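Asks: Below you'll find the structure I mean.
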Amino acid sequence: MIPYSVLQSDHQPGAFVITVVSARAAQIYARLLAERFPGNKFAIQEGGAWGAPDCHPSIRDSARSFEVERLAATMLKRDAETNPEGLAKWHVYFLRRPDTAATTRCRAYADHDTPMRSRTFSSPDYIGTAIFYGDLPTPHDLGVMLEDFQASKEAIA
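Quick note on this note's numbering: the sequence shown kicks off at 22 and runs consecutively.
This is the structure:
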């Protein structure tokens, strides 16, 4: 497997936090660190970020703490059945278009992008969610997911 690094992205250049074994593990660590250090942004990067400056020791210590390690392992075990390769997790949100209720649009956000996910989820136009594992979903992937979502809504109605 290719290692992934977690970076503190609100610093330029991004400060190195930790390297883990998969994209999904990196997302989990980034999300857990964002919960523990509100106001800081964390990103993931494929490969080791060996040339990047180090983050603050308290952030690095938190990433390597027993609590964060245990939570990350629990979440990875929970995802193992649906995502055995440890691919990145994307949340695809389906939203009503403000101008007409008949059409739907969709947006995809990485699992560790909690501010955008919570803002989209709380939008009055929000109507549903789907999960996508892999690299950034292409427009074709999003189109297929949107068609499937609309077909499932029609089947229910």
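Backbone N, C-alpha and C define an ideal beta-carbon position, used for all residues, glycine too.
Given the structure is predicted, the values throughout are model-derived calculations rather than measurements.
What is the DSSP secondary structure of R117, reduced to helix, strand or coil?
Replies: Taking the first residue of the sequence shown as 1, we reach residue 117 at position 96. R117 falls in the strand class under three-state DSSP.
Asks: Which residues bound the alpha helix (DSSP H) around S79?
Replies: For the purposes of this step, residue 79 is taken as residue 58 along the sequence shown, with counting starting at 1. Here the alpha helix (DSSP H) through S79 covers 78-84.
Asks: Helix or strand or just coil, what does DSSP make of E106?
Replies: Walking along the sequence shown from the start, residue 106 turns up at place 85. DSSP places E106 in coil when its eight states are reduced to three.
Asks: Can you tell me whether F142 is helix, strand or coil according to DSSP?
Replies: Position 121 of the sequence shown holds residue 142. Three-state result, F142: helix.
Asks: With respect to the beta strand (DSSP E) encompassing A36, which residues constitute its N-terminal and C-terminal limits?
Replies: As a working note, residue 36 is residue 15 in the sequence shown. Run containing A36: 36-41, per the beta strand (DSSP E) assignment.
Asks: Would you kindly check if the distance between the Cβ of I80 and the Cβ of Y25 is under 8 Å?
Replies: On the sequence shown, residue 25 is found 4 positions in, with the first residue counted as 1. On the sequence shown, residue 80 is found 59 positions in, with the first residue counted as 1. Not closer than 8 Å, so no.
Asks: If you compare alpha carbons, which of V41, P34, G69, L92 is closest to E56?
Replies: In the sequence shown, residue 56 corresponds to position 35, counting from 1. Comparing Cα-Cα distances from E56 to each of V41, P34, G69, L92, the minimum goes to L92.
Asks: Determine the closest residue to F58 out of L97, A70, C76, F170, with distance taken between C-alpha atoms.
Replies: For the purposes of this step, residue 58 is taken as residue 37 along the sequence shown, with counting starting at 1. If we check each option's Cα against that of F58, C76 comes out closest.
Asks: Rounded to whole angstroms, how far is the Cβ of A151 from the Cβ of M166, which I believe are closer than 8 Å?
Replies: For the purposes of this step, residue 151 is taken as residue 130 along the sequence shown, with counting starting at 1. For the purposes of this step, residue 166 is taken as residue 145 along the sequence shown, with counting starting at 1. Distance from A151 to M166 at the Cβ level is roughly 5 Å; contact confirmed, criterion being Cβ atoms closer than 8 Å.
Asks: Check whether the stretch 119-130 touches the stretch 38-56, taking contact to mean three or more Cβ pairs, one atom from each stretch, closer than 8 Å.
Replies: no
Asks: Which word fits H133, buried or exposed, when buried means at least 16 other C-beta atoms lie within 10 angstroms of its C-beta?
Replies: Residue 133 sits at position 112 when you count from the first residue of the sequence shown. The residue in question, H133, is buried, as its Cβ has 16 or more Cβ neighbours within 10 Å.
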